[in-house]
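Whatever position you read off the sequence shown (first residue = 1), add 16 for the working numbering.
Below: the structure, in structure tokens.
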Amino acid sequence: MKNLDGINVWNRSCNMAIRTHKALGPCPDPNFRERITRASLAVASNIAAGYERNSTWQFRQYLNKANGSCAELRTQLYIAAELGIIDHAQSTNLIAETLEISTLLRSLITSTI
17 MKNLDGINVW NRSCNMAIRT HKALGPCPDP NFRERITRAS LAVASNIAAG
67 YERNSTWQFR QYLNKANGSC AELRTQLYIA AELGIIDHAQ STNLIAETLE
117 ISTLLRSLIT STI
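Here it is in structure tokens:
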């Protein structure tokens, strides 16, 4: 791997963060908006931070953090839909993306062992 652009899961997680931010629109609860935005950004950010580390072990640690953030985001998307903050269709699509990203992250973690 030469740079982050070559890591599919990083590209997809960046796209997911952008889609999540747009889906929130004018969120009535600024604290919830901040929390869900942080979780969505943390997925791609942890992949990037781990990629720049000097060891495979550290990279795996950050991939695990990214996977945890992905699960956190998935939970928050579900709650946002139930509260009417995000449209159910958008939430369903974003939740499906978090599941696919988690699968890719677990695969990448396994391949770096």
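In this text, a Cβ means the ideal position worked out from N, Cα and C, and glycines have one as well.
Does the Cβ of residue i have 16 or more other Cβ atoms within 10 Å, making it buried, or fewer, making it exposed?
i	result
Met32	buried
Arg90	buried
His104	exposed
Leu115	exposed
Ile34	exposed
Thr126	exposed
Ala96	buried
Trp73	exposed
Leu124	buried
Gly66	buried
Glu113	buried
Just reading off the alpha helix (DSSP H) that residue i is part of, what are its end residues?
i	result
Glu30	Residue identity differs from the one stated: residue 30 is Cys in this sequence, not Glu. Per DSSP, Cys30 belongs to the alpha helix (DSSP H) from Asn24 to Leu40.
Have a look at the options and flag the residue whose alpha-carbon is nearest the alpha-carbon of residue i.
i	options	result
Val59	Leu20, Leu110, Glu50 and Ser85	Ser85
Arg28	Gly100, Ser61, Arg51 and Phe48	Ser61
Ile117	Leu20, Cys30 and Glu98	Cys30
Gln92	Thr36, Leu121 and Gln74	Thr36
Ala82	Thr119, Leu40, Lys38 and Gly41	Thr119
Ile101	Glu68, Leu124 and Gly41	Gly41
Arg76	Arg122, Leu20 and Asp21	Arg122
When you measure from the CB of residue i to every non-hydrogen atom of the ligand MG, does any distance come out below 8 Å?
i	result
Gln92	By its list of ligands, the structure shown contains no ligand whatsoever, and the ligand MG lies outside what it can speak to.
Worksheet entry | Segments assigned alpha helix (DSSP H), at least 4 residues, entirely inside the stretch 42 to 121 | 46 to 67 and 72 to 98
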